[in-house]
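Each residue of the sequence shown is one higher than the one before, starting from 259 at the first, in the numbering used here.
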Amino acid sequence: IKELSKPSRDPRQMAKVFEFDQNVRSIEDLREGMVLPGIVTNITNFGAFVDVGVKQDGLVHISHLANKFVSDPHEVVKLHQHVTVKVMEVDITRKRIGLSIKEAIGASTTPATDKGKERVVTKVKVTEGNTLEDLAAKFGSLGKLKGKK
């Protein structure tokens with residue numbers, strides 16, 4: 259109560275915003291190989307069920323939860339956890355969706371033309387004192403930076 263009485267102070271953490279893929283509304287929209295965000299809705303002895311934004315939840319079998327041996331799915335995923343999954347199989351007639359978390363870890367959502375190219379992304383706080391030479395000294399060769407904007 260003391261913390262809440264202080265003006266403009268809220269001790270609660272920021273809530274995570276979650277959105278399903280806007281292009282997927284029904285099971286017919288799913289295609290093998292798609293990488294989608296999802297929420298774990300149920301955990302069983304044989305895997306976890308994940309909601310990807312369609313009426314039917316998909317199953318991540320215990321063998322597709324991680325790149326290591328998993329004896330108990332509770333060790334890897336938690337209820338209501340936000341995960342990224344890859345669609346492995348879609349059976350529209352039986353309304354079954356096969357998903358994989360371990361395949362989604364290695365999967366890329368970038369276009370196929372970028373595959374095989376190494377990418378390094380670095381966040382830099384821009385201040386008045388940052389010059390091209392300062393950044394080159396910090397992150398690498400000046401020759402690599404000069405021709406790029």
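No residue lacks a Cβ here, since even glycine has one placed at the ideal position from N, Cα and C.
Leaving out the 5 sequence neighbours to the left and right, which residues in its chain are closer than 6 angstroms to residue i when beta-carbon positions are compared?
i	result
S284	V312
K360	H322, A324 and N325
F278	G311
K353	Q314
E290	V345
M292	V345
T368	Its pLDDT being 37, under 50, T368 is placed unreliably by the model, and nothing is read from it.
Grab me the residues of residue i's own chain with a C-beta within less than 7 angstroms of its C-beta, minus the 5 sequence neighbours each way, in chain order.
i	result
I320	F304, G305, V328 and P331
R286	Arg is not the amino acid found at residue 286; the sequence shown has Glu there. Same-chain partners within the cutoff: I350.
V282	L288, L294, V310, G311 and V312
S266	none
Starting from residue i, trace the beta strand (DSSP E) in both directions and tell me its first and last residue.
i	result
E347	H340 to D349
I301	V293 to T302
G305	G305 to D309
Grab me the residues of residue i's own chain with a C-beta within less than 8 angstroms of its C-beta, minus the 5 sequence neighbours each way, in chain order.
i	result
N300	A306, F307, D315 and L337
L357	G296, V308, V310, G316, L317, V318, H322, V343, K344, V345 and M346
Q339	I297 and V298
With residue i and residue j assumed to form a contact (beta carbons below 8 angstroms), what rounded beta-carbon distance in angstroms separates them?
i	j	result
V275	V335	V275 to V335, Cβ: 20 angstroms. No contact.
L288	I363	Rounded, the Cβ-Cβ distance is 19 angstroms, inconsistent with contact.
Would you list the residues sitting across from residue i in a DSSP beta bridge?
i	result
H319	G305
S358	K344
Let me see if you follow: with CB-CB separation under 9 angstroms, is residue i close to chain C or not?
i	result
A273	The structure shown contains no chain C; it holds only a single protein chain.
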